[in-house]
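K.L.:
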């Protein structure tokens, strides 16, 4: 977020020479952190001179005897990072505690080698001379022979897990013991039966590196234990470098034989989703209940868990969606018992159901749909939740098609007759859980018959019965009205589909639709019958603008079915208006309304639009 120039200014301020040596530790640490983070962006061809000066200044400070070793190591790591073109060391090699005799050695770098490794940087120490004073002397670190510091060689990578700096060959002068140089011959310390397994690596040889890269250890040696967990990037090296997370710790103390069994490889288990606090508490209760099937004990544990009942409902259902039907039935018994205790109400139960349904991806599975539908249907039958409250969750096609699956499940549990009575007692229509596009009569009939639920939507059968009744010679408006009261569920009285159906049946009985203009006698008979049956419609649509609009749409559909005979729609609209079946405001609303569920609106509007305009103007003049 900062401009590179500002970062350069910060580094220069931190490295100012006027500051005392005691105050430089924090400054150097900040500089190293900055360079490790953004050094690759600062070390450009234009700014390489500045970066060279930064490193020269840090090397001068590092040569001081009083400078802490921690800061010296930090500077060395930063120098190595720049030499490697700002590419970090291999992170897939696990770093473990390093033997004291394998610590980094400060040697002077040859100008030629330094320039070859980094063309843009100046040599860190221009003239080879004696070792850097104060570092490596009386500090407990290994010292190289004098000849090693004067010989050019590859730069040493501090703290890297690679092989140690080679100092054998021509570098060994006369009088120098090969024991100080060749570390491979040093003995390895064994673990005895009376000692603990040491987590600190032996101060031994290069075998430490080999043991770390190759886990199987010789039988007579203690295996080094890495206490650093593997990172996510190590997935490609799972077999070569097992992490401490892949083992069970068996023993820390014991004999040499026990030391070899200290860690046992564990079967890999893919990590699942993290559990919520409620799941951590409830899943063990659920598992124990499904195993022992003791309802009172499970209820007591649930009630003492201090978890909300809607969350309990959500967790128990969510945890058994993919289990057997017997297990889900057992969980339903728990809900029934909680409801009997007076704790689990219908609203709380459905709140838990809605939490389960909130995961839409999960319910793309047919199995999960059937599972949760079974829970809801069993709860309805046992009285845990009422039908009206349960179906409110699926109103207007919400969570489709689970609402219809619940009704299908209820048919299997209690049968058609009991279900019809249940819908009637709850004052519900099956169309309430259909999507808006499926609610019109024809679409609803098609959808429900496909689900074998047509018995809950009897309008198709009602249409046949009404037409048969109207064909009888003695049928009058009074006969028709009494039959409707006796045979049609009152829930349909305020239903638009029922009004559309009734209007179409009356028009089919009254109107003689022909392509020719009707005679005067035909018009008189037509008017008489319309005056008679208007009384039936008025009983249902009076002061109901929505139902009156249904009368107009039914008239539109009827005329569309008979191919719009000339003047028929205008004549019928005049009947409805003059006979006070439909109010003027409803006529104007029909003109402006757009509803693709009823075909023929364009042709209908063409036939009656002029009459509607005149009607509106006449109303304005009368006002």
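Residue numbers (the UniProt record's numbering): 1 to 623.
A virtual CB, placed ideally from N, CA and C, is assigned to each residue, including glycine.
Quick caveat: nothing in here was measured; it's all calculated off a predicted structure.
Going by other Cβ atoms of all chains shown within 10 Å of its Cβ, with 16 needed for buried, is residue 263 buried or exposed?
P.N.:
Low confidence applies here, because residue 263 scores a pLDDT of 32, under 50, leaving its location unreliable; read the following figure in that light. Looking at its Cβ environment, which holds 16 or more other Cβ atoms inside 10 Å, residue 263 is buried.
K.L.:
Verify whether the separation of the beta carbon atoms of residue 564 and residue 603 is less than 8 Å.
P.N.:
In this structure, residue 603 lies closer than 8 Å to residue 564 by Cβ.
K.L.:
Select from 498, 524, 79 and 505 the residue whose C-alpha is nearest the C-alpha of residue 546.
P.N.:
Per the Cα distances, 498.
K.L.:
Around the C-beta of residue 339, are 16 or more other C-beta atoms found within 10 angstroms, so that it is buried, or is it exposed?
P.N.:
Looking at its Cβ environment, which holds 16 or more other Cβ atoms inside 10 Å, residue 339 is buried.
K.L.:
Just the Cα atoms here: how many angstroms apart are residue 379 and residue 579?
P.N.:
Rounded to whole angstroms, residue 379 to residue 579 spans 50 Å at the Cα level.
K.L.:
Since I believe residue 377 is in contact with residue 410 (beta carbons under 8 Å), could you give me their beta-carbon distance rounded to a whole number of angstroms?
P.N.:
Between residue 377 and residue 410 the Cβ distance is about 5 Å, and since that is below 8 Å, they are a contact.
K.L.:
Can you find the residues in the same chain that come closer than 6 Å, C-beta to C-beta, to residue 613, ignoring five residues on each side of it along the sequence?
P.N.:
Counting only Cβ-Cβ distances below 6 Å, and skipping sequence neighbours, we find nothing.
K.L.:
Got a sec, what are the start and stop residues for the alpha helix (DSSP H) residue 86 sits in?
P.N.:
Run containing residue 86: none; DSSP gives neither H nor E here.
K.L.:
Identify whether residue 600 lies in helix, strand or coil by the three-state DSSP scheme.
P.N.:
Coil at residue 600, not helix or strand.
K.L.:
What is the DSSP secondary structure of residue 533, counted as helix, strand or coil?
P.N.:
In the structure shown, residue 533 sits in a helix (DSSP, three-state: H, G or I).
K.L.:
Suppose you measure from the CA of residue 350 to the CA of residue 433; what does that come to, to the nearest Å?
P.N.:
Spanning the two alpha carbons is a distance of roughly 16 Å.
K.L.:
Verify whether the separation of the beta carbon atoms of residue 615 and residue 584 is less than 8 Å.
P.N.:
Yes; because the gap between Cβ atoms is below 8 Å, this pair is in contact.
K.L.:
Look at the alpha carbon of residue 140 and the alpha carbon of residue 81, and state the distance between them as a whole number of angstroms.
P.N.:
Residue placement at residue 140 cannot be trusted, given a pLDDT of 40 that sits under 50; the coordinates are not used to answer.
K.L.:
For residue 371, does the three-state DSSP call read helix, strand or coil?
P.N.:
Three-state DSSP puts residue 371 in a helix.
K.L.:
Would the beta-carbon of residue 402 fall within 8 Å of that of residue 373?
P.N.:
Against a cut-off of 8 Å, the Cβ pair of residue 373 and residue 402 comes out as a contact.
K.L.:
Check whether the Cβ atoms of residue 27 and residue 14 sit closer than 8 Å, and answer yes or no.
P.N.:
In this structure, residue 14 lies closer than 8 Å to residue 27 by Cβ.
K.L.:
Across the segment 458 to 469 and the segment 489 to 505, are there enough close Cβ pairs to call them in contact, namely three or more that are closer than 8 Å?
P.N.:
The segment 458 to 469, when compared against the segment 489 to 505, does touch it at the 8 Å Cβ threshold.
K.L.:
DSSP state of residue 382, grouped into three classes?
P.N.:
Looking at residue 382 - three-state DSSP - the assignment turns out to be coil, as it is neither helix nor strand.
K.L.:
Go through its chain and collect everything with a Cβ distance to residue 451's Cβ below 7 Å, but skip five positions before and after it.
P.N.:
Cβ neighbours of residue 451 beyond the five flanking positions: 404 and 408.
K.L.:
Straight-line CA distance for residue 597 to residue 606?
P.N.:
Roughly 19 Å between the two C-alpha positions.
K.L.:
Using 8 Å as the cut-off, can you tell me whether the segment 441 to 450 makes contact with the segment 470 to 484, which would need three or more C-beta pairs spanning the two stretches below that distance?
P.N.:
The segment 441 to 450 is not in contact with the segment 470 to 484.
K.L.:
How many whole angstroms separate the CB atoms of residue 275 and residue 299, which I take to be in contact at a CB cut-off of 8 Å?
P.N.:
Not quite, the Cβ-Cβ distance comes to about 22 Å (not below 8 Å), so this is no contact.
K.L.:
Determine the extent of the alpha helix (DSSP H) in which residue 293 is found, giving its start and end residues.
P.N.:
First-last for residue 293: undefined, no H or E at that position.
K.L.:
Within a Cβ cutoff of 6 Å, which residues of the same chain sit near residue 429, ignoring the five residues on either side of it in sequence?
P.N.:
So the list reads 491, once near-sequence residues are dropped.
K.L.:
Could you give the distance in angstroms between the alpha-carbon of residue 310 and the alpha-carbon of residue 348?
P.N.:
Whole-angstrom Cα-Cα distance: 5 Å.
K.L.:
Give the DSSP-derived three-state secondary structure of residue 308 in the structure shown.
P.N.:
If DSSP states are grouped into helix, strand and coil, residue 308 belongs with coil.
K.L.:
What is the C-beta distance between residue 393 and residue 353, in whole angstroms, given that I count them as a contact (C-beta under 8 Å)?
P.N.:
Sure, about 7 Å apart at Cβ, within 8 Å.
K.L.:
Tell me the DSSP secondary structure of residue 616 in three-state form.
P.N.:
In the structure shown, residue 616 sits in a helix (DSSP, three-state: H, G or I).
K.L.:
List the endpoints of the continuous alpha helix (DSSP H) containing residue 560.
P.N.:
Taken as a continuous stretch (DSSP letters only), the alpha helix (DSSP H) holding residue 560 covers 545 to 561.
K.L.:
What number of angstroms, rounded off, separates the C-alpha of residue 52 from the C-alpha of residue 39?
P.N.:
Straight-line Cα distance between these residues: approximately 12 Å.
K.L.:
So what's residue 624 in DSSP terms, helix, strand or just coil?
P.N.:
For the chain, the structure presents residues 1 to 623; residue 624 sits outside this window and is missing.
K.L.:
Going by the beta-carbon positions, is the gap between residue 355 and residue 399 smaller than 8 Å?
P.N.:
Result no, Cβ atoms of residue 355 and residue 399 do not sit closer than 8 Å.
K.L.:
By how many angstroms is the C-alpha of residue 572 removed from the C-alpha of residue 609?
P.N.:
Each residue's Cα considered, the two are about 14 Å apart.
K.L.:
Going by other Cβ atoms of all chains shown within 10 Å of its Cβ, with 16 needed for buried, is residue 438 buried or exposed?
P.N.:
That one is buried.
K.L.:
What are the boundary residues of the alpha helix (DSSP H) that includes residue 427?
P.N.:
That residue, residue 427, is in no alpha helix (DSSP H); it is neither H nor E in DSSP.
K.L.:
Between the Cα of residue 36 and those of 56, 6, 84 and 69, spot the shortest distance and give me the residue it belongs to.
P.N.:
With distances taken between Cα atoms, residue 36 lies closest to 84.
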